[in-house]
Amino acid sequence: MRNTSSAAVTANYYVTTFYKFLRLEETLRVKSDLEAKAEELNIKGLIIIGSEGFNSTIAAPSEIAFANWKKFIQDYFNQPDLFFKDSTSDKTPFRRFKVKIREEIVTTGIPEIMPPDCKNHHLSPAEWNRVMKEETEEIAIIDTRNWYEYKIGTFKGALNPNIEKFTDFPEYIESQGIPKDKKMLIFCTGGIRCEKGILELQKQGYDNVYQLDGGILNYIKEFPNDQFEGECFVFDHRVALDQNLQPSKQYGLCPHCGQPSEIKVTCKRCDTDELICVECSEVEFKKETCSKNCAHQFQLHPDRKGPRQVVPFEIEKLKLSGAELVPMIQVSKTKVLAVNERGEARVHRI
Ligand SMILES: [Zn+2]
Ligand SMILES: [Zn+2]
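Count along the sequence shown from 1, add 753, and you get the number used in our numbering.
Dropping the structure here:
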């Protein structure tokens, strides 16, 4: 088994990220089989399945359940070499287990392209490091992730496409006019976006493109505090992972907009301490409040105090129906602000 880590023995939750492009049939039956096993092992998390494969991050409550889940996945999909990218968490990064059936297991807007089974210009973390350090002048390193992921951590010298979602990536490349023979290095969180991204680049005529095998999670595991700077955004309640693959101590999720936040404010309405993002810290009413609700109330009645209405990350207390969305923040008694696995922030009723 290829496995990037042995989880720390003190962890409360053992987390792993994995994907595979393969032809999958009878997705409804697969869904119920996965749900049954997850219930048996008390696995929480999200797995997206479709005719092109599966893509997942899950958390297990014990090392035994963790090992059993991985073995089950390897056997069930007949993938003895499946690449698991492990990390840990003290708190549960997911509230429930969810299987979603989708046309694409990573949203690119081009469902017809399917990565080949063989390796397609993958660089191991060691090869990636060598190219970054020795070919600095000749290469373009491109972050294929969204702008808010780039913002809290990326590779030295990486270009920021400044996209809201991955479906905008092909257009970004088209607009750049990069010479077709330029050596390009692309990367993402766990590798899956690049599997499709590289096909798009090859379609556009770029043949000198390389992708980071296993993404940032795999790289940090082997080379912490090296060419990757900052933290790696993840789509669960941990928000980001630091250079030791531990949940971020620096970032929360901004209660106003759902993006990573690091600026501490004490709410003028309810006196709660909260982390808000740089953008919202420059906006009147938002910069002084802990939630959309408090911002609204503070704007109407600047001299009145009110009760705390936002309970970031205390999701356990919420009765969410069909919670497919992570991470999320309660912004009023009836609404939750959530970032879904495609990186889109939306308000949902609960
Ligand atoms: Zn914000
Ligand atoms: Zn408040």
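Note that beta-carbon positions come from the ideal geometry of N, C-alpha and C, so glycine has one too.
Short Cβ contact (8 Å threshold) for residue i with residue j
i    : j    : result
P932 : Y925 : no
G906 : T770 : no
R776 : S815 : no
I800 : A818 : no
F922 : F981 : no
D995 : N882 : no
T897 : I939 : yes
Which of helix, strand or coil DSSP assigns to residue i
i     : result
G1005 : strand
Q964  : strand
P1065 : A caution first: P1065 carries a pLDDT of 42, below 50, which makes its placement in the model unreliable, though a value can still be read off. Of the three classes helix, strand and coil, the one that applies to P1065 here is coil, per DSSP.
P923  : helix
G950  : helix
V1036 : coil
T1025 : coil
L775  : coil
P833  : coil
E1094 : Caution is warranted here: a pLDDT of 46 is assigned to E1094, below 50, making its placement in the model unreliable, and the coordinate value is therefore given only provisionally. Here E1094 sits in coil by DSSP.
R898  : coil
H875  : strand
F807  : strand
E982  : strand
Residue i: CB within 7 Å of a non-hydrogen atom of ligand 2
i     : result
S1044 : yes
T861  : no
C871  : no
T1025 : yes
C1047 : yes
R1022 : yes
*Segment contact, 8 Å Cβ cut-off, at least three pairs: the stretch 988-1005 with the stretch 856-873*: no
*Within the structure, which residues are defined as neighbours of ligand 1 by a Cβ-heavy atom distance below 5 Å, reported in chain order?*
C1007, H1009, C1010, C1030, C1033
*asked:* Does the structure place the stretch 793-809 close enough to the stretch 958-969 that three or more beta carbon pairs sit under 8 Å?
replied: no
_Touching by the beta-carbon criterion (3+ pairs, under 8 Å), the stretch 988-1000 and the stretch 844-856_ = The stretch 844-856 and the stretch 988-1000 touch, with three or more beta-carbon pairs separated by less than 8 Å.
*On the three-pair Cβ rule with 8 Å, is the stretch 820-828 touching the stretch 870-887?*
Not touching, per the Cβ criterion.
*On the three-pair Cβ rule with 8 Å, is the stretch 773-788 touching the stretch 951-959?*
no
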